[in-house]
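Chemist:
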Amino acid sequence: MVITILKIYIIFIFVLMLIYAVRHAIFAYHRIYKKQRIYYGSIQDSEMPPVTILIPMYNEEQVLEYVLDSLIDSYYPQELMEIIPINDNSTDKTKELLDEYAEKYSFINPIHRQSDLRGKVAALNDALKVARNEIILVFDADYRPSKELIHQLVAAFKDPEAGAVMGRVIPHNAAKNWLTRLLNLERSGGYQADQQARYNLRTVPQYGGTVGGFRKSLVMAEGGFDTRVLAEDTELTFRLFTKGWKVIYANSAECYEEVPENWNVRARQIRRWSRGHNQVMFKYFFPVMFSKHMNAREKLDGLLLLIIYLVPFLFMLGLIDSIILFFLGEIGILTGWWVILFLGAYNSYGNFAPFYEIATAALIDGIKNDVLLLPLLTFNFYFYLWNITLGFFDAVADSVSGRYVHWAKTERFAKSKRQKETTK
Amino acid sequence: MIYIVISIVLFFAMALFPITYSLIVLKKRTSEELIIPTLLVDDPKYFTDLYRSAFRSKLAAMDSENIVEYTFKPSEKIVEADKTIEYPVICNYIIYAENYDFVPPEGMTFNKEIYANKNVYLVGVKTLLGIYCKKNLLIGSGIDIIRWVDSGGEITVEDNCSLGIITTSNTRIITGENCLFARMLAPQIFLGFTKDTDFKTVSKALTNNEDYVSQEVIRNIKSVDDDITDENQELHKSIITKYDLSILDGMKVKGSIRSHKTIRVGDNAIVYGNVFAEGDIYLGKGSRILGNIFTQNNIYTEENVEIGQNGKIKSIIAKEKISFSRRCVVYGYIESGNVCEVCLDEQ
C-alpha cells in the first residue's frame, strides 16, 4: 500500500514537471514566433493623469538619492507628480536626506513612520491614505527609473480595464559576480519571455510590486493591502483578476535595479518571496478556481502561477520518494512506455529556472554569450529548492498561527552618491 | 565489468561537460549589463527634431565647398536653393532653402533631405527622402516620400501620395484621397478632404459636459441600445466586455469602452472616453470619439468621423491597419503598425 502511494506520488511529480515544461515551452515559442501584442507606450495624450509615486524605505541612505534624482529628472510634468518616500522607522540618515529633498522640491512629501506595524505593506497602506491621486506607482528605493518611464507606465491606465501595470526590471550590477550574472539571466527570462508571453496570450501577467502601479480606488475598496501577506504584489495580481481587472505588462517600461550580490542575501530574498507567494496561494487558490471574471485560460495559468512556489517543495518530496523507492528495489517503475514520460520530466527539471525562456530572452536581448552559463543554473535550482521549501513552511506556519509577518529588507550593495564623490 | 565502467565514465562526462564548459565561460568572459535605450522612439517628433538640430549645428560648420560631416553618416554636400537655378533630375544633395520659398522643377527625385526656412511647394516631384519646412508645405499629387515630413506650418497633401514613416506638423495636416502613411501627428488632421473645404466649419459643436467620463463600470454587455440608455439615449457608465460590442446609431456613451473582441460604433454615436479593443474597431458615419482609440487589430472608419477634441491631443493607434474614409478629422496622433490608408478603397 505504502509503496503504491510512493509510486503514484512519483508519477504525479513527473506529470507536474511535464506540465510546467510544456507551459514554459509554449511561452518561449510564443515569444519568438507568434504575434506580439503591442503596449500602450506610444499613446500621445495631452491629458495625462496626475500620479502619486510611493517609495518604501528602511535605512536607504545609500541608495535613495539615485531613485529620487531619477524621478526629478523624469520627462513627466512635475506638476502632475506627487512623490511620497515612506521612511519606515529608519535608523540611519534616511530621514535627514528626505527632509532635504522635501525642502527643495514641493512635490516630494515624505512620510516618517514610527509605527510598531512595520514593513512595506503597512507603509504602503499609510501612504495610500494620504496619496492625492488615483494612479499610484511604486518603486523600490534601489531602483533608477529612466526619464520616460513614468509616462510609459501611466499610459496603461488609459485602458479602462487596467487595474495595474508592471514594467521590466534590469539588474545594473549584472556583471558583478557569478550570482549576479545568473540572476541577470533569470530576470531576462522572467520579463522578456515569461511576462511578455503571458501578456501576448492574455493570461495572467504578474504585478511585481515595483516598477509598476495600480488604481488606488481598487486597492482601497478592500481597505488597502492585506498586512498579513508578505507578497502584496502577488496578492494584488490575484485580487484584481478575480474581480475582473487586468494587469498590463509593459516590456518597454524598463528600470534598473540592484540584484543581491551574495548567496545569503539571495537565500533570504527567495525564502521571503516563497513565504509571501504561498500565503497568497492559500488565500486565492479557490477564488481563482471559481472566479466568474476569469476565463479558462486565465484560470489555468493563474493556478499554475499560484502554486509555483509550492512545486519545489513537492519536487523535493519527489526526490526523497525516488531515493526510498530505489533502496526498496521498487524503482522498476522506470520501464515500459512510462520511461518516455520520466525522461521528459527529467530533462525538464531545470524549468524551475525556465531554461527555454531564459534562452529565448537572451536571444531577444542580444546577450547570446550568456546562454553558455545556463548549465550553472542547476546549482541555483537546488539552492532555490531548499530555500523555497523553507519559505513554504514559513507560510504554512503563518497560516496556522495567524501571526503577523515581519518584512525583511534586502541588503543594498551600491555605494551612495556621496560615498562615490568622497572616493573620487 | 568493462561496460559498467564505461557507462559510469560516460555518465560523469556527459553530466559534467556542460557545467565545466559553463565554468570556463564564467571565468574567461564577462557579462554585459543590458542597456536601457534612452532614445525616445515613442515620441513621434523624436527623429525629426534630432535631424533638425543636427542639421542646424552642421550648417554652422559647413566648409567653403558646402560639405558637412556627420558623425552618424558619411559627409554630405549641401546645395543652397536660394543660389541655384538648375537641378539634376536626380538630386543626391541635401537642399537648403534659406530666404525664399522652395519650388523645385517637376519630375525630380530627391535622394537626400530638404531643409527649408520658408514655404515649400512640391508639385510634380517623384520621390523625396525627407523634408523639414519651417512654414507651409504643399505636397503635390502622386509624390512618394520615403521617410519623414515635418513642418512648422500647415501641410497640404494632394491625392495619391505616400508619406513615409512619420508626418508631423505644429498646426495642421490636410490630406486628399488615396494616401498612405504610417504615423502622423498634428493638432488638427483632416483626412480625405478637398482643398476648397472651409475647415472652420468642419469641427462639430460639442455639447455641454463634454469631459465627463464615468468611472462606474457595466460589464459584459453586447450592445448599447435603448434598453440600457436614458431618455436622451445616453449611457453614463464605462463598458468592459468580453463580447463583440455594438453601439447603436445615435447613442452616447459617457464613459470609456473596452472589448476583448470587436467594437462597432454606430452612425452619429458619440463615445466620451477611450475606446480599447482586441479585435477590429468600426466607426460609423458621423460618429465621434472624444478620447483615445487603441486596438491590437484594425480600425475602419466611415465618412465624417471625428476623433479627439480641438485643442487637445489624442491618439488613434492600431497594431494592424487603419482605414479612413472621406472627411475624417483627428486631433492628435495616428499610428499604425502596418499602414494607414485614406479613402483607398474608393479609388
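Protein chains in written order, with this note's numbering: chain L, 14 to 437; chain D, 9 to 355.
The beta carbon of each residue, even a glycine, is placed where N, CA and C say it ideally should be.
Keep in mind it's a predicted model, so treat the numbers as computed, not measured.
Excluding five sequence neighbours on each side, which residues of the same chain lie with their C-beta closer than 6 angstroms to the C-beta of D/Asp-109?
Modeler: Sequence index remark: in the second sequence, residue 109 of chain D carries index 101 (1-based). The answer, listed in chain order, is Lys-126, Asn-127.
Chemist: Indicate the three-state DSSP secondary structure (helix, strand or coil) for L/Asn-138 in the structure shown.
Modeler: As a working mapping, residue 138 of chain L is identified with position 125 in the first sequence. If DSSP states are grouped into helix, strand and coil, L/Asn-138 belongs with the helices.
Chemist: Tell me the DSSP secondary structure of D/Ile-242 in three-state form.
Modeler: The residue labelled residue 242 of chain D in the question sits at position 234 within the second sequence. In the sequence under discussion, the amino acid at residue 242 of chain D is Glu, which differs from the Ile named in the question. DSSP places D/Glu-242 in strand when its eight states are reduced to three.
Chemist: With a CB to CB cut of under 7 angstroms and the five nearest residues on each side skipped, what residues in its chain are close to L/Tyr-156?
Modeler: Counted from its first residue, the first sequence places residue 156 of chain L at position 143. Only Val-80, Thr-223, Val-224, Cys-268, Tyr-269, Glu-270 meet the Cβ criterion.
Chemist: Where does L/Ser-412 fall in DSSP's three states?
Modeler: By 1-based counting over the first sequence, the position of residue 412 of chain L is 399. Three-state result, L/Ser-412: helix.
Chemist: Can you grab the Cα-Cα spacing for the pair L/Leu-341 / D/Tyr-251, in whole Å?
Modeler: Numbered from 1 along the first sequence, position 328 holds the residue referred to as residue 341 of chain L. Numbered from 1 along the second sequence, position 243 holds the residue referred to as residue 251 of chain D. Approximately 57 angstroms between the Cα atoms of the pair.
Chemist: Do you know whose CA, among L/Ala-168, L/Tyr-89, L/Leu-130, L/Pro-69, lies nearest L/Asn-122's CA?
Modeler: For the purposes of this step, residue 122 of chain L is taken as residue 109 along the first sequence, with counting starting at 1. Among L/Ala-168, L/Tyr-89, L/Leu-130, L/Pro-69, the Cα nearest to that of L/Asn-122 belongs to L/Pro-69.
Chemist: Taking the alpha-carbon positions, what's the D/Ser-222 to L/Asn-186 distance?
Modeler: As a first step, residue 222 of chain D must be located in the second sequence, where it is residue number 214. As a first step, residue 186 of chain L must be located in the first sequence, where it is residue number 173. The alpha-carbon atoms of D/Ser-222 and L/Asn-186 are separated by roughly 45 angstroms.
Chemist: Please report the straight-line C-alpha distance between L/Asp-411 and L/Asn-100, rounded to a whole angstrom.
Modeler: Walking along the first sequence from the start, residue 411 of chain L turns up at place 398. Walking along the first sequence from the start, residue 100 of chain L turns up at place 87. Answer to the nearest angstrom: the Cα atoms are 26 angstroms apart.
Chemist: Please return the same chain residues whose Cβ sits closer than 7 angstroms to the Cβ of L/Ala-366, not counting the five positions on each side in sequence.
Modeler: The residue you call residue 366 of chain L lines up with position 353 of the first sequence. Unreliable placement is indicated for L/Ala-366, whose pLDDT of 48 sits below 50; no coordinate value is reported for it.
Chemist: If you drop the 5 nearest sequence neighbours on each side, which residues of the same chain put their C-beta closer than 6 angstroms to that of L/His-37?
Modeler: Here residue 37 of chain L is taken as the residue at index 24 of the first sequence, counted from 1. Correct list, in chain order: Asn-364, Pro-367, Tyr-369, Glu-370.
Chemist: Mind pulling the chain D residues with CB within less than 8 angstroms of L/Thr-9?
Modeler: The question about residue 9 of chain L has no answer here: the residues shown for chain L are numbered 14 through 437.
Chemist: I think L/Ala-263 touches L/Tyr-52, with their Cβ atoms under 8 angstroms apart; what is that distance to the nearest whole Å?
Modeler: Locating residue 263 of chain L in the first sequence gives position 250, where the first residue counts as 1. Locating residue 52 of chain L in the first sequence gives position 39, where the first residue counts as 1. Right, the Cβ-Cβ distance comes to about 5 angstroms (below 8 angstroms), so this counts as a contact.
Chemist: In the DSSP assignment, the alpha helix (DSSP H) including L/His-164 goes from what residue to what residue?
Modeler: Residue numbering aside, residue 164 of chain L sits at position 151 when the first sequence is read from its first letter. L/His-164 -> alpha helix (DSSP H) spans 162-167.
Chemist: Does L/Ala-169 have its Cβ less than 8 angstroms from a Cβ in chain D?
Modeler: Counted from its first residue, the first sequence places residue 169 of chain L at position 156. In terms of beta-carbon proximity, L/Ala-169 stays away from the interface with chain D, with every pair separated by 8 angstroms or more.
Chemist: Give the C-beta separation of D/Thr-176 and D/Ala-190 to the nearest angstrom, bearing in mind that I take them to be a contact with Cβ-Cβ under 8 angstroms.
Modeler: Stepping through the second sequence from its first residue, residue 176 of chain D is reached at position 168. Stepping through the second sequence from its first residue, residue 190 of chain D is reached at position 182. Not really, about 12 angstroms apart at Cβ, beyond 8 angstroms.
Chemist: Go to L/Asn-100, then tell me how far its alpha helix (DSSP H) extends in each direction, as first and last residue.
Modeler: Position 87 of the first sequence, counted from the start, is the residue given in the question as residue 100 of chain L. Taken as a continuous stretch (DSSP letters only), L/Asn-100 belongs to no alpha helix (DSSP H), being part of the beta strand (DSSP E) at 94-101.
Chemist: Compute the Euclidean distance between the alpha carbons of L/Leu-93 and D/Gly-148, then round it to the nearest angstrom.
Modeler: Taking the first sequence and counting its residues from 1, the one referred to as residue 93 of chain L is at position 80. Taking the second sequence and counting its residues from 1, the one referred to as residue 148 of chain D is at position 140. Cα to Cα, the separation comes out at about 43 angstroms.
Chemist: What is the C-beta distance between D/Leu-137 and D/Ile-163, in whole angstroms, given that I count them as a contact (C-beta under 8 angstroms)?
Modeler: Counting from one through the second sequence, the residue named residue 137 of chain D turns up at place 129. Counting from one through the second sequence, the residue named residue 163 of chain D turns up at place 155. Contact between D/Leu-137 and D/Ile-163 is absent: CB atoms are separated by about 16 angstroms, not below the 8 angstroms threshold.
Chemist: Going by CA-CA distance only, name the one from D/Lys-85, D/Gly-115, D/Cys-141, D/Val-133 that's closest to D/Glu-106.
Modeler: Taking the first residue of the second sequence as 1, we reach residue 106 of chain D at position 98. Measuring from the Cα of D/Glu-106, the nearest candidate turns out to be D/Cys-141.
Chemist: Count the other C-beta atoms from every protein chain shown that fall within 10 angstroms of the C-beta of D/Asn-216, then say buried if there are 16 or more, exposed otherwise.
Modeler: The residue labelled residue 216 of chain D in the question sits at position 208 within the second sequence. Below a pLDDT of 50, predicted positions are generally treated as unreliable, and D/Asn-216, at 49, falls in that range; no measurement from the model is reported.
Chemist: List the endpoints of the continuous alpha helix (DSSP H) containing L/His-43.
Modeler: As a first step, residue 43 of chain L is located in the first sequence; it is residue number 30 there, counting from the start. Counting along the chain, the alpha helix (DSSP H) containing L/His-43 begins and ends at 15-46.
Chemist: Could you name the residues of chain L that D/Gln-304 contacts, counting a contact when the two beta carbons are closer than 8 angstroms?
Modeler: By one-based count along the second sequence, residue 304 of chain D stands at place 296. Within chain L, the residues near D/Gln-304 are Arg-50, Ile-51.
Chemist: What is the rounded straight-line gap between the Cα of D/Ser-331 and the Cα of D/Gly-172?
Modeler: The residue given as residue 331 of chain D occupies position 323 in the second sequence. The residue given as residue 172 of chain D occupies position 164 in the second sequence. Approximately 16 angstroms between the Cα atoms of the pair.
Chemist: I want to see whether chain L comes within less than 8 angstroms of D/Ser-15, judged by CB atoms only; does it?
Modeler: Counting from one through the second sequence, the residue named residue 15 of chain D turns up at place 7. By this cut-off, D/Ser-15 is not an interface position.
Chemist: Measuring straight from C-alpha to C-alpha, what distance separates L/Thr-373 and L/Phe-254?
Modeler: For the purposes of this step, residue 373 of chain L is taken as residue 360 along the first sequence, with counting starting at 1. For the purposes of this step, residue 254 of chain L is taken as residue 241 along the first sequence, with counting starting at 1. Their Cα atoms are separated by approximately 27 angstroms.
Chemist: In whole angstroms, what is the alpha-carbon distance linking L/Arg-281 and L/Leu-403?
Modeler: Working through the first sequence from its first residue, we reach residue 281 of chain L at position 268. Working through the first sequence from its first residue, we reach residue 403 of chain L at position 390. Answer to the nearest angstrom: the Cα atoms are 10 angstroms apart.
Chemist: Does any residue of chain L have a CB that is nearer than 8 angstroms to the CB of D/Glu-114?
Modeler: Start at 1 with the first residue of the second sequence, and residue 114 of chain D comes out as number 106. So no, D/Glu-114 is outside the interface.
Chemist: Does the count of Cβ pairs from the region 272-288 of chain L and the region 157-166 of chain L closer than 8 angstroms reach three?
Modeler: Flag = no, the region 272-288 of chain L and the region 157-166 of chain L do not touch.
Chemist: When DSSP builds the beta bridges, which residues end up paired with D/Thr-179?
Modeler: Translated into the one-based positions of the second sequence, residue 179 of chain D becomes position 171. D/Thr-179 pairs with nothing; no bridge assigned.
Chemist: Could you name the residues of chain D that L/Ser-59 contacts, counting a contact when the two beta carbons are closer than 8 angstroms?
Modeler: For the purposes of this step, residue 59 of chain L is taken as residue 46 along the first sequence, with counting starting at 1. Ordered by position in chain D, the residues that pass the 8 angstroms Cβ test against L/Ser-59 are Lys-320, Ile-321, Lys-322, Gly-340.
Chemist: Pull out every residue of the region 185-205 of chain D whose Cβ sits closer than 9 angstroms to any Cβ of chain L, in chain order.
Modeler: Listed in chain order, the positions of the region 185-205 of chain D with a beta carbon within less than 9 angstroms of a beta carbon of chain L are Arg-191, Leu-193.
Chemist: Counting only beta-carbon atoms, is D/Gly-287 nearer than 8 angstroms to chain L?
Modeler: Taking the first residue of the second sequence as position 1, residue 287 of chain D is located at position 279. No, no contact with chain L.
Chemist: Since D/Gly-299 and D/Ser-264 should fall inside the 8 angstroms C-beta cutoff, what is the C-beta to C-beta distance between them, to a whole number of angstroms?
Modeler: Sequence index remark: in the second sequence, residue 299 of chain D carries index 291 (1-based). Sequence index remark: in the second sequence, residue 264 of chain D carries index 256 (1-based). Right, their Cβ atoms sit about 6 angstroms apart.
Chemist: Pull up the DSSP beta-bridge partners for L/Gly-226, would you.
Modeler: On the first sequence, position 213 is the one that residue 226 of chain L refers to. DSSP output for L/Gly-226 lists L/Leu-150, L/Val-178 as bridge partner(s).
Chemist: Report yes or no: do the region 167-184 of chain L and the region 10-21 of chain D share at least 3 C-beta pairs separated by less than 8 angstroms?
Modeler: Cβ pair count under 8 angstroms is below three, so no.
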